[in-house]
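First the structure, in the form of structure tokens, and then the observations on it.
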Amino acid sequence: MIRLIYFGHSAFQVESAGHTLLIDPFITGNPHTKTTIETLRPDFILLTHGHADHYGDTEALAAASGATVICNYELGMYARARGVAKVHQMSIGGGFDFPFGFAKLLPAFHGSSMPDEHGMPIYLGQPAGILLQLGDLTLYHLGDTGLFGDLALIGALHPVDVAMVPVGGNFTMGPECAYKAVQLLQPKVAIPIHYNTMPEISPGAARLDAWITAVTELGVRAEVMAPDSVLTF
Ligand code: NI
Ligand code: MN
69 MIRLIYFGHS AFQVESAGHT LLIDPFITGN PHTKTTIETL RPDFILLTHG HADHYGDTEA
129 LAAASGATVI CNYELGMYAR ARGVAKVHQM SIGGGFDFPF GFAKLLPAFH GSSMPDEHGM
189 PIYLGQPAGI LLQLGDLTLY HLGDTGLFGD LALIGALHPV DVAMVPVGGN FTMGPECAYK
249 AVQLLQPKVA IPIHYNTMPE ISPGAARLDA WITAVTELGV RAEVMAPDSV LTF
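So the mapping is simple: this note's numbering equals the position in the sequence shown, first residue as 1, plus 68.
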């Protein structure tokens, strides 16, 4: 059984076969969640890209739990330089068998950088989506991305059970392109992410409802997870 906890924005905990994974652990300062990092004990932290609303509490969580951080090469260099002890670096298109299952980085169309002391960007590698195969279940967290046609290829190569799809717009695709993404990918379940955290990524209830209706008409189960809620598969 897989247990999925959503903290709002793009942050999830995935519990599988005795392992606890965090994806994009933006907990402190995340207005959606009441969870605090003291309650979290991940053994792996997976990062889609190097932006503060995804890197989040990675350093504090890794220090407290000894978790291994899994991410792209440059973001891994950054995490190591900032004191993260255990880092597993990957690149787009590469997969690896971890103790918890298989993880693969997939393309995302976005940025990945943090400001240096002058406010200039430190390059943090290519942004990614993360595909996870945990037993019989395939999850795909799309990260922050615009729409791209290779979602059809990805869905054909890796039939997806649960997709976490950004819908907020401005920094990622909005609901209309996120519908197209679901149509291309054909997951069994689609969970909207990366919305309503700030005004720029709040598409409004009408457009979100239209996404749910349209996705449902494709035969895909739209699961709108409330922050701090749990789904099991
Ligand atoms: Ni981002
Ligand atoms: Mn983001």
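Where a beta carbon is used, it is the ideal one built from N, C-alpha and C, also for glycine. The structure displayed is predicted, hence computed values, not measured ones.
Looking at ASP125 and the ligand MN, is the gap between the Cβ and the nearest heavy atom below 6 Å? Annotation for ASP125 indicates a beta carbon at 6 Å or more from all heavy atoms of the ligand MN.
Residue range of the beta strand (DSSP E) that ASP165 falls in? Residues 163-166.
Decide if GLY193 is buried, meaning its Cβ has at least 16 other Cβ atoms within 10 Å, or exposed. Burial check for GLY193: the Cβ neighbour count within 10 Å reaches 16 or more, so the residue is buried.
Where SER297 and ALA290 are concerned, what is the direct C-alpha to C-alpha distance, given to the nearest angstrom? Those two C-alpha atoms are separated by around 15 Å.
From ALA278 to HIS186, what does the alpha carbon distance come to, in whole angstroms? For ALA278 and HIS186, the distance between alpha carbons rounds to 43 Å.
Could you tell me which of ASN264, LYS248, VAL233 sits nearest to ALA282, measuring between CA atoms? It is LYS248.
Could you check whether the Cβ of HIS262 sits closer than 6 Å to any heavy atom belonging to the ligand NI? Within the chosen limit of 6 Å, the ligand NI does not reach the beta carbon of HIS262 with any heavy atom.
Between which two residues does the alpha helix (DSSP H) carrying HIS209 extend? Careful: HIS209 lies outside any alpha helix (DSSP H), inside the beta strand (DSSP E) at 205-209.
Can you give the Cα-Cα distance for PHE177 and LEU210, rounded to whole angstroms? A direct Cα-to-Cα measurement between PHE177 and LEU210 gives close to 10 Å.
Every unbroken alpha helix (DSSP H) within the region 205-266, with a cutoff of 4 residues, ordered by chain: Those alpha helix (DSSP H) runs which fall completely within the region 205-266 and span 4+ residues are 219-225, 243-253.
Near MET158, which residues of its chain fall below 6 Å by C-beta distance, leaving aside the five closest residues on each side in sequence? Excluding positions up to five away in sequence, the list reads LEU173.
The ligand NI site residues, beta-carbon cut 5 Å against heavy atoms: In chain order, the residues that have a beta carbon nearer than 5 Å to some heavy atom of the ligand NI are HIS119, ASP212.
Minimum C-alpha distance to ARG109 - residue among HIS119, PHE94, HIS87, THR300: Considering only alpha carbons, the answer is HIS87.
Can you name, in chain order, every residue of its own chain whose Cβ lies under 6 Å from the Cβ of ALA220, other than the five neighbours on each side? So the qualifying residues of the chain are LEU252.
Is it right to say TYR191 is buried, meaning 16 or more other beta carbons lie within 10 angstroms of its own, or is it exposed? By the neighbour-count criterion, in which 16 or more other beta carbons inside 10 Å mark a residue as buried, TYR191 falls on the exposed side.
SER159 - containing beta strand (DSSP E), residue span: Looking at the DSSP string, SER159 is not in any beta strand (DSSP E), and its letter there is neither H nor E.
Here's a check: name, in chain order, each residue in its chain whose Cβ is nearer than 6 Å to the Cβ of ARG148, leaving out the five neighbours to either side. In its chain, beyond the 5 residues on either side, VAL155 have a beta carbon closer than 6 Å to the beta carbon of ARG148.
Look at LEU215 and MET232 and say whether their C-beta atoms are less than 7 Å apart. Not in contact: LEU215 and MET232 (Cβ atoms no closer than 7 Å).
Among LEU225, ALA120, GLY237, THR126, the one whose alpha carbon lies nearest that of GLN81: Answer by Cα proximity: THR126.
Would you call PRO93 buried or exposed, if buried means 16 or more other Cβ atoms sit within 10 Å of its Cβ? Counting Cβ neighbours within 10 Å, PRO93 comes out buried, since at least 16 surround it.
Quick check on DSSP: helix, strand or coil for VAL137? Three-state result, VAL137: strand.
Taking 7 Å as the cut-off, decide whether the C-beta atoms of MET182 and GLY118 are in contact. Yes; because the gap between Cβ atoms is below 7 Å, this pair is in contact.
Residues near ASN238 in its chain [Cβ-Cβ closer than 6 Å; skip 5 each side]: Counting only Cβ-Cβ distances below 6 Å, and skipping sequence neighbours, we find GLU268, ILE269.
Tell me whether ASP204 is buried or exposed, calling it buried when 16 or more other Cβ atoms sit within 10 Å of its Cβ. Exposed, because fewer than 16 other Cβ atoms sit within 10 Å of the Cβ of ASP204.
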